[in-house]
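**Q** Residue numbering for the sequence shown follows our numbering, starting at 13 and increasing by one per position.
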Amino acid sequence: MSMIGEYARVTPAELDRALGDPEWALELIGGWMEAAAEAEAAADAAGPAQSVPARCMDVDKAWDALGFLLRRAAFPVDIVHGEEAVPDADDWGYGPPRYLTPERVRTAAGALAEISGERLTAGVGPEDLASAEVYPAIVWERGESLDYVREHYEQLRPFFRTAAEQGDGMLLWLG
């Protein structure tokens, strides 16, 4: 089974409730993910429709490489693992969820706007990720391109921008 980096945008009220009732948050987010999957299937069948900003996204297995690259860039917010633990939360896959406050989401969105995917990965090759034992190591040991990581990073930028514009916090976990 693969470890996938997961994100959910939550309003300040939802974040407050999630901090006191993480099981409620898990059910809420599960509903959002299910609805998004159904909407995607319906859109595939019916053709393009008007887009609503997603409440959830994932960076697949690129999470550890993103963390490595962001630490290297002295990024001001831990947007891979979150900065605070959700109190009393059970395991949501590979550990309990963590979160970012709306203020930290705004800080992250501003920093993301300043760093393109090209700039983030400049001067780094798969051999660097392999020697740092970045997950999934086998990918980097095979010498695969960082395009996969760059593509996921470029998806995070508008996701965080939307969250910041709407005053949202963020729940993060490895699923």
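Backbone N, C-alpha and C fix where the C-beta goes; we use that ideal spot for every residue, glycine too.
Using only the alpha-carbon positions, how far apart do E163 and G129 sit?
**A** Here the alpha carbon of E163 sits roughly 8 Å from the alpha carbon of G129.
**Q** Where are the beta strand (DSSP E) runs, 3 residues long or more, that stay fully inside the segment 40 to 121, in chain order?
**A** 68 to 70, 110 to 112
**Q** Leaving aside the five residues before and after A149 along the sequence, list all residues of the same chain whose C-beta is less than 7 Å from its C-beta, in chain order.
**A** A142
**Q** Suppose the cutoff is 8 Å on Cβ atoms and the five residues either side in sequence are ignored; what does the same chain contact list for E156 look like?
**A** P138
**Q** Specify, as a first and last residue, the run of the beta strand (DSSP E) that R21 falls within.
**A** Taken as a continuous stretch (DSSP letters only), the beta strand (DSSP E) holding R21 covers 17 to 22.
**Q** Taking 8 Å as the cut-off, decide whether the C-beta atoms of A182 and Y111 are in contact.
**A** The sequence shown places Met at residue 182, not Ala. Contact flag set, yes.
**Q** Under 8 Å, with one C-beta from each stretch per pair, do the segment 18 to 25 and the segment 168 to 175 reach the 3-pair mark?
**A** yes
**Q** If you follow the beta strand (DSSP E) that L186 is part of, which residue opens it and which one closes it?
**A** 181 to 186
**Q** Do you know how far the Cα of T113 is from the Cα of A25?
**A** 11 Å
**Q** Counting C-beta neighbours from all protein chains within 10 Å, is the total for D180 16 or more, i.e. buried, or is it exposed?
**A** buried
**Q** Please report how far the alpha carbon of D72 lies from the alpha carbon of V92, in whole angstroms.
**A** 12 Å
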